[in-house]
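A.B. asks: Residue numbers (our numbering), protein chains in the order written: chain A, 81 to 229; chain B, 81 to 229. Even glycine gets a Cβ: it sits at the ideal position worked out from N, Cα and C. Structure below; questions to follow.
2 protein chains.
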Amino acid sequence: MKEQTSPDSPLADLCRQRGLKLTGQRRTIAFVLSDSDDHPDVEELYRRAVAVDSRISIATVYRTVRLFEENGILQRRDFGGGRARYEVADGDHGDHYHLIDADSGKVIEFENAELDALLDTIVQQMGYGLVTTRLSVVGRKKAKTRGGN
Amino acid sequence: MKEQTSPDSPLADLCRQRGLKLTGQRRTIAFVLSDSDDHPDVEELYRRAVAVDSRISIATVYRTVRLFEENGILQRRDFGGGRARYEVADGDHGDHYHLIDADSGKVIEFENAELDALLDTIVQQMGYGLVTTRLSVVGRKKAKTRGGN
DNA sequence: TTGTATAATGCGAAAGATTATCAATTGCAA
DNA sequence: TTGCAATTGATAATCTTTCGCATTATACAA
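Structural data, given as structure tokens:
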């Protein structure tokens, strides 16, 4: 049984900055998240966290993920499939969007300044200020060589 | 107890065209949907359907809504809140998108050809063909008079 | 460092939405 | 009209997420 204390991580620092109590579990979850560049769901986060420190309950993962979202540390995404998925909220670079491969389910991130600007303009013209954009496009890979699959 | 047989409706015709067996319940649900121009969830559809013919179970509403979606008659939407919402799939005019009022939760539809084109271009450039776009923007109404909250 | 108030955790139960099961019923082609 | 496969209603089951509560750990002051 692993009982390792996780090292600090960029997200653990963020956690402290927001004045959140930094428990061992939160440190571990923050570590796992800092180490992820995909879009894990809670079950997957739980798996990764337990691999580091087995003294973690899935309820805590749910709670932590919600707490982090409320504090702007994480963003919740919905790619269909009935479970929420999470990714680190990048304060750095602008919004990014997601292309979902219709066949494999793989998620590919992309950015596009023109799209950012257009969405903002549209919303402004409707008399609103843009708060959040939820955009994911589902696409199917164009076969270069025919007869793919 | 209402036991009225619903009249046919545009969606009921579509149902027949797709070779689906047109039961009384499906006729009623199709009628209710044809009559709706909002984005009801299953619970709400069930309420509306029962008002027309009380011999309907919510299980049938779930089943029918799924069947209609699989046959391109309905589109499932997710506006947050944990329940799926449905709207008639317009084969006529192009895609439309949704602006959700951050304060009231109200859903406002809009279309934008420039946005259609840009999304298509982006996806093409990534080597994919566009299958579906899931886009909703959350916005907050700009106060004309200052001092709002 | 030690003690303490308070907040967080673990575990299992509960909630909420959706799907599956299965006997009884219905639509539809012959 | 008949027969049969598909559909329905009622309810159990499933799946994800949250809650309740006793126990434990954290931050902070002395």
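1. Mind checking the segment 182-194 of chain A against chain B and listing, in chain order, the residues whose C-beta falls within less than 8 Å of any C-beta there?
2. What residues are listed by DSSP as bridge partners for K221(B)?
3. Just mark R165(A) as buried or exposed, buried being the case when its beta carbon has 16 or more other beta carbons within 10 Å.
4. Give the interface partners of D158(A) over in chain B, defined as CB-CB distance under 9 Å, in chain order.
5. Which residue from I109(B), L179(B), L125(B), D118(B) puts its Cα closest to that of L215(B)?
6. For S89(B), I'd like the list of residues in its chain whose CB is within less than 6 Å of its CB, leaving aside the five on either flank, ordered along the chain.
7. Taking N151(B) as the reference, which of R96(B), P87(B), F159(B), Y208(B) has the closest Cα?
8. Which residues in chain A sit within 8 Å of G219(B), going by Cβ to Cβ distance?
9. How close, in whole Å, do the beta carbons of Y208(B) and K221(A) come, if the pair is a contact with beta carbons under 8 Å?
10. With distances taken Cα to Cα, identify the nearest neighbour of D196(A) among V211(A), S184(A), A182(A), V187(A).
11. Kindly indicate the opening and closing residues of the alpha helix (DSSP H) around I138(A).
12. Specify, as a first and last residue, the run of the beta strand (DSSP E) that R156(B) falls within.
13. Taking the continuous beta strand (DSSP E) assigned at E167(B), which residues delimit it?
14. Could you say which of G160(B), V130(B), R107(B), F148(B) lies nearest to G185(B) if we only look at CA atoms?
15. For L94(B), name the three-state secondary structure that DSSP assigns.
16. Taking only three categories from DSSP, how would you classify D175(B)?
17. Check the DSSP bridge columns for V187(B) and list the partner residues they point to.
18. May I ask which residues mark the beginning and end of the alpha helix (DSSP H) holding G104(A)?
19. From G104(B) to I138(B), what distance separates their C-alpha atoms?
20. Do you know whose CA, among F190(B), V203(B), I188(B), A182(B), lies nearest N192(A)'s CA?
21. Assign V134(A) to one of two classes, buried (16 or more other C-beta atoms within 10 Å of its C-beta) or exposed (fewer than that).
22. Identify, in the order they occur along the chain, each residue of the same chain with its Cβ nearer than 6 Å to the Cβ of V217(A), setting aside the five sequence neighbours on each side.
23. Relative to the C-alpha of E124(A), which candidate in K101(A), R163(A), G171(A) has its C-alpha closest?
24. Is the CB-CB distance between L100(B) and L147(B) below 8 Å?
25. Can you look up D200(A) in the DSSP assignment and give me helix, strand or coil?
C.D. replies: Reading from the atomic positions:
1. A182, I188, F190, N192, E194
2. By one-based count along the second sequence, residue 221(B) stands at place 141. K221(B) pairs with Y208(A).
3. Position 85 of the first sequence, counting from 1, holds the residue named residue 165(A). R165(A) comes out buried.
4. Here residue 158(A) is taken as the residue at index 78 of the first sequence, counted from 1. Going along chain B in sequence order, the residues near D158(A) (Cβ under 9 Å) are D158, G160, R214.
5. Counted from its first residue, the second sequence places residue 215(B) at position 135. Among I109(B), L179(B), L125(B), D118(B), the Cα nearest to that of L215(B) is on L179(B).
6. Stepping through the second sequence from its first residue, residue 89(B) is reached at position 9. Answer for S89(B): A110, F111, S114, listed in chain order.
7. Residue mapping note: residue 151(B) aligns to position 71 of the second sequence, counting from 1. Residue R96(B) is the option with its Cα nearest to N151(B).
8. In the second sequence, the residue the question calls residue 219(B) occupies position 139. Residues of chain A passing the Cβ test: V203, M206, Y208, G209, L210, V211.
9. Stepping through the second sequence from its first residue, residue 208(B) is reached at position 128. Stepping through the first sequence from its first residue, residue 221(A) is reached at position 141. Yes, Y208(B) and K221(A) are in contact; Cβ-Cβ is about 6 Å, under 8 Å.
10. Working through the first sequence from its first residue, we reach residue 196(A) at position 116. Ranking V211(A), S184(A), A182(A), V187(A) by Cα distance to D196(A) puts V211(A) first.
11. Taking the first residue of the first sequence as position 1, residue 138(A) is located at position 58. Going by DSSP, I138(A) is part of the alpha helix (DSSP H) stretching over 138-150.
12. As a first step, residue 156(B) is located in the second sequence; it is residue number 76 there, counting from the start. Its beta strand (DSSP E) spans residues 154-157.
13. Along the second sequence, one-based indexing puts residue 167(B) at 87. For E167(B), the enclosing beta strand (DSSP E) begins and ends at 165-168.
14. The count along the second sequence starts at 1 and reaches residue 185(B) at position 105. The shortest Cα separation from G185(B) among G160(B), V130(B), R107(B), F148(B) belongs to G160(B).
15. Position 14 of the second sequence, counted from the start, is the residue given in the question as residue 94(B). L94(B): helix per DSSP, three-state reduction.
16. Within the second sequence, residue 175(B) is the residue found at index 95, counting from 1. Of the three classes helix, strand and coil, the one that applies to D175(B) here is coil, per DSSP.
17. What you label residue 187(B) is simply residue 107 of the second sequence in a count that begins at 1. DSSP output for V187(B) lists I180(B) as bridge partner(s).
18. Numbered from its first residue, the first sequence carries residue 104(A) at position 24. Here the alpha helix (DSSP H) through G104(A) covers 104-114.
19. By one-based count along the second sequence, residue 104(B) stands at place 24. By one-based count along the second sequence, residue 138(B) stands at place 58. Spanning the two alpha carbons is a distance of roughly 14 Å.
20. For the purposes of this step, residue 192(A) is taken as residue 112 along the first sequence, with counting starting at 1. Taking only the C-alpha atoms, the option nearest N192(A) is V203(B).
21. Start at 1 with the first residue of the first sequence, and residue 134(A) comes out as number 54. Reading the sequence as shown, one finds Ser at residue 134(A) and not Val. S134(A) is exposed by the Cβ-count criterion.
22. For this step, residue 217(A) is matched to residue 137 along the first sequence. L179.
23. Position 44 of the first sequence holds residue 124(A). It is R163(A) whose Cα lies nearest to the Cα of E124(A).
24. Position 20 of the second sequence, counted from the first residue, corresponds to residue 100(B). Position 67 of the second sequence, counted from the first residue, corresponds to residue 147(B). Closer than 8 Å, so yes.
25. In the first sequence, counting from the first residue as 1, residue 200(A) sits at position 120. In this structure, D200(A) counts as helix in the three-state DSSP scheme.
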